[in-house]
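> So the number in the working numbering is just where the residue sits in the sequence shown, counting from 1, plus 21.
Ideal placement from N, C-alpha and C gives every residue a C-beta, glycine not left out.
Starting off with a structure, shown below.
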Amino acid sequence: MSGTAWTRQDIEPATEFTIVGSTVFFLGIQGNQLYAFGLDLKTGKNRFRIGASPSGATQGVAVAYGTLGDTVAFYGENEDLKGSAPMWLVNLKTGKQTKTNKTLWKSTPVACDHDHAFCGRTEDTTWRADLRTGELTSFTLPPGRTLGDGLSDPLQRDPEMLTYTKDDVQQWSLPLQTMAPGASTDRGWSTWSDDRTRMVGIDLYQGEQKAGAWQFDLGATRTLGIEQASGHVAWTGRGQLTDCGASHPGEQRALVRCAVRGTETITGDGSAAKQVYHGLDLTIQGFNPATGATTWQVPLGGDADNLADDKAIPTDARGRWIYSTGHGYVAVDPVTGAHDTTVGDQNWCEFRTRIVIRPEMTAQDLKRVGAQTAPCDRAGRRSPQAPRTINPTITPVHQGLVVTAGQTSVSALRVSPR
């Protein structure tokens, strides 16, 4: 840590940060009003400030916005007493701002599962917001269950089908048995996509239910790399979990998977579910989505924390991801695979904070709940070089800076590699 680059004490942050290029985006409170801010990463000065609201979407839950590539989506100011608002679409890379017609939204905007667009829900309709024009169109998702990244299961059996939809148009629907004989989505799945190579993928878990518990052979998990346009299976893999760290934020996008062996036993349901692993062995890998080829790999051993998909992967001051090896830690560059055990001190502990709006609240009534977050070393010891901050408003390293938030301020801290 080498000092503070800038501080904005006139803004109370209400969400996490998103950084694209040199623009920092978040929702925050200024003068008892909720705004969407775009700040210059180097100076902290406003690039834009747009009045915002939750519309009817966040009563009793966290204020939030959607992200899709370089674009963010949020609801503008209420334009009537009922909470109607437009959806704003802002490309943080180009600066282009587009807004839709107003309506009373009932869900936070999110990237559409079936399409490269933002989706939001009103009382009885789901709407697609075109990224280029802001035009709203209603749509009906393919029947069945959404798997993710455009893939869906129509719930047809004999044969079981796998369907892919892009830009609101079904591209193909094929029997899963011809793509992966003996596989099914009924035992669990995870998905990924990569528009650069026009590929979409799915992991199909192999398991069975015994005595009230599900048992999975992780090494038998089947991965399909599928061409988006045709449904052709370009490559297959075994024992690879492509949701293992694949969505970690950072300046350089990286597709990462875990090569895994061992068994997982799950008992209970929902929040009461418990997972136990036996014979677990993990290797973190980079991979080429077009071919499935491994581009680099680092053995991690059997620490199950590396499989937890609800935990953020810590980063150090160099922007490397930090994994546990069971007997220490390794810092890995997710793009090149370069790694070492010299773990920097710029990590973050305690991840329990959100911003809440309840029906009777206005913007000035926003309350934080949960724990604070402090810079610490990987063993959990507090680092004395920086003040305590509020999670989740902490970013990975961008251009030598980490953006953090206090109770009523936003700051950028300079960091340097060890």
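Go ahead and label Leu197 buried or exposed: buried means 16 or more other beta carbons lie within 10 angstroms of its beta carbon, across all protein chains shown.
buried
> Could you check what DSSP says for Thr25 in three-state terms: helix, strand or coil?
strand
> Using 7 angstroms as the limit for Cβ to Cβ distance, is Arg208 near chain C?
Protein chains in the displayed structure number just one, and chain C is not present.
> For the segment 157-233, list the alpha helix (DSSP H) runs that are entirely contained and at least 4 residues long, ordered along the chain.
Runs of the alpha helix (DSSP H) inside the segment 157-233: 197-200.
> Quick one: what's got a C-beta closer than 8 angstroms to Thr146's C-beta in the same chain, skipping five residues either side?
Ser159
> Using only alpha-carbon positions, find the residue among Trp213, Arg282 and Gly222 that is nearest to Ala241.
Arg282
> Given a cut-off of 7 angstroms, decide if Ala132 and Leu152 are closer than it, judged by their beta-carbon atoms.
no
> Which residue comes first and which comes last in the beta strand (DSSP E) that contains His299?
Lys295 to Phe308
> Determine, using beta carbons only, whether Arg278 and Thr263 come nearer to each other than 7 angstroms.
The Cβ atoms of Arg278 and Thr263 sit closer than 7 angstroms to each other.
> Can you tell me the Cα-Cα spacing of Glu144 and Arg208, whole angstroms?
Distance between the alpha carbons of Glu144 and Arg208 is about 32 angstroms.
> Measure the Cβ-Cβ separation of Gln361 and Ser345 and say whether it is below 7 angstroms.
A small fix is needed here, since residue 361 is Asp in this sequence, not Gln. No, Cβ-Cβ distance for Asp361 and Ser345 is not below 7 angstroms.
> Quick one: measure Cβ to Cβ for Ala250 and Arg219, integer angstroms, because I've assumed they're closer than 8 angstroms.
Contact between Ala250 and Arg219 holds: their C-beta atoms lie close to 6 angstroms from each other, under 8 angstroms.
> Helix, strand or coil for Asp61? Go by DSSP, reduced to three states.
strand
> Out of curiosity, what's the CA-to-CA distance linking Leu321 and Leu301?
10 angstroms
> Jot down the residue ranges of each uninterrupted beta strand (DSSP E) in the segment 25-51, minimum 3 residues, whole runs only, in chain order.
25-29, 39-41 and 44-51
> Tell me, please, whether the segment 25-45 touches the segment 106-118 by the rule of three or more beta-carbon pairs shorter than 8 angstroms.
Cβ pair count under 8 angstroms is three or more, so yes.
> Could you give the C-beta distance for Gly289 and Leu303, rounded to a whole number, given that I count them as a contact under 8 angstroms?
With 8 angstroms as the limit, Gly289 and Leu303 do not qualify as a contact, their Cβ atoms being about 24 angstroms apart.
> Under 8 angstroms by Cβ, that's how I've got Gly246 and Gly313 pegged, so tell me the actual separation to the nearest angstrom.
5 angstroms
> Please name the residue in Asp61, Pro34, Phe38 and Thr39 whose C-alpha comes closest to that of Asn53.
Pro34
> I believe Val319 touches Val353 by the beta-carbon criterion, under 8 angstroms. Please report the beta-carbon distance rounded to the nearest angstrom.
5 angstroms
> I'd like to confirm the pairing. Which residues does DSSP put opposite Gly418 in its beta bridges?
The sequence as given places Val at residue 418; Gly does not occur at that position. Paired residues: none, contrary to the question.
> Mapping the DSSP letters down to three states, classify Gly240 as helix, strand or coil.
helix
> Under 7 angstroms, do Ile32 and Val431 count as touching if we go by C-beta distance?
Remark: C-beta atoms of Ile32 and Val431 approach each other more closely than 7 angstroms.
> Alpha carbon to alpha carbon, how far is Ile343 from Gln30? Give it in angstroms, no decimals.
32 angstroms
> With 16 other CB atoms within 10 Å as the buried threshold, where does Leu434 fall?
Taking all protein chains in view, the Cβ of Leu434 is crowded by 16 or more other Cβ atoms within 10 Å, so the residue is classified as buried.
> Assuming Gly260 is part of the beta strand (DSSP E), what are its boundary residues?
First-last for Gly260: undefined, no H or E at that position.
> Tell whether a beta-carbon distance below 7 angstroms holds between Pro130 and Lys120.
no
> Using beta-carbon positions only, say whether Asp238 and Gln227 come within less than 7 angstroms of one another.
yes
> Mind checking Val190: buried by the 16 CB within 10 Å criterion, or exposed?
exposed
> What residue does the beta strand (DSSP E) around Leu125 start on, and which one ends it?
Note, Leu125: premise wrong, no beta strand (DSSP E); not H, not E.
> Looking at the secondary structure, which residues open and close the beta strand (DSSP E) in which Asn67 lies?
Asn67 to Gly72
> Would the beta-carbon of Asp170 fall within 7 angstroms of that of Thr212?
Thr212 is positioned such that its CB atom lies closer than 7 angstroms to that of Asp170.
> Using only the alpha-carbon positions, how far apart do Thr224 and Trp210 sit?
One point to set straight first is that residue 224 is Asp, not Thr, in the sequence displayed. For Asp224 and Trp210, the distance between alpha carbons rounds to 5 angstroms.
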